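J.: I have a structure I would like to understand better, so I am pasting it below and will then ask my questions one at a time.
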Amino acid sequence: MSVTKEEITAFLALEFPQTKCIVEAVDDNSSILSHDIGRDELRPGGTVSGPVLMSIADVALYVAILGKIGIVPLTVTTSLTINFLRKPAAEARIIAKCTLLKVGRTLIVGEVSLYSEGSSDLVAHVVGTYSIPPKHD
Numbered sequence: 301m302s303v304t305k306e307e308i309t310a311f312l313a314l315e316f317p318q319t320k321c322i323v324e325a326v327d328d329n330s331s332i333l334s335h336d337i338g339r340d341e342l343r344p345g346g347t348v349s350g351p352v353l354m355s356i357a358d359v360a361l362y363v364a365i366l367g368k369i370g371i372v373p374l375t376v377t378t379s380l381t382i383n384f385l386r387k388p389a390a391e392a393r394i395i396a397k398c399t400l401l402k403v404g405r406t407l408i409v410g411e412v413s414l415y416s417e418g419s420s421d422l423v424a425h426v427v428g429t430y431s432i433p434p435k436h437d
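Going by our numbering, 391 is the number at position 91 of the sequence shown; the sequence numbering is gapless.
Right under this line is the structure:
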């Protein structure tokens with residue numbers, strides 16, 4: 301069951317209005333999100349904070365999964381591993397590119413590459429697993 305970018309954006313606006321992530325694209329196996337960076341997203345040293353990077357990666361996984369299986373709100377993160385590779389630019393949006401690696405009946409595994417907008421150098425690489433709730437007929 302494929303869901304459109306507009307349907308997912310409307311769902312997030314209603315159910316997760318606090319997110320600052322913007323859905324740029326979604327298909328049935330991937331997503332691209334962005335996150336504006338301002339003073340609130342920075343940590344000492346003039347770099348984007350780890351929690352911001354983890355957040356956009358987690359939301360990118362969630363969006364890609366919803367694009368694949370439909371709007372299933374209780375699909376939840378079971379693991380998230382992040383490797384910080386280089387200092388993100390403090391003045392550039394973060395871009396998250398997610399690809400689903402394995403879609404099973406109960407678990408979905410995906411990876412997310414994070415970039416500072418305008419650069420092709422990875423700032424972080426993330427692998428995450430989500431649990432799909434059982435269907436009740």
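Note that beta-carbon positions come from the ideal geometry of N, C-alpha and C, so glycine has one too.
Small disclaimer: the values here were computed from a predicted structure and weren't measured.
For N383, which residues from the same chain have a beta carbon less than 7 Å from its beta carbon, with the 5 sequence-adjacent residues on both sides left out?
T.: Excluding positions up to five away in sequence, the list reads A424, H425.
J.: Mapping DSSP to helix, strand and coil, what is T309?
T.: It is helical.
J.: Quickly, what does DSSP pair Y415 with across the bridge? List them, please.
T.: Paired residue(s): I395, L422.
J.: Taking the runs of the alpha helix (DSSP H) that are 4 residues or longer, which of them lie wholly in the stretch 363-408?
T.: Those alpha helix (DSSP H) runs which fall completely within the stretch 363-408 and span 4+ residues do not exist here.
J.: Starting from I332 and walking both ways along the beta strand (DSSP E), at which residues does that stretch end?
T.: 330-335 is the span of the beta strand (DSSP E), which, as asked, contains I332.
J.: Using only the alpha-carbon positions, how far apart do C321 and Y430 sit?
T.: Looking at the two C-alpha atoms, the distance is approximately 19 Å.
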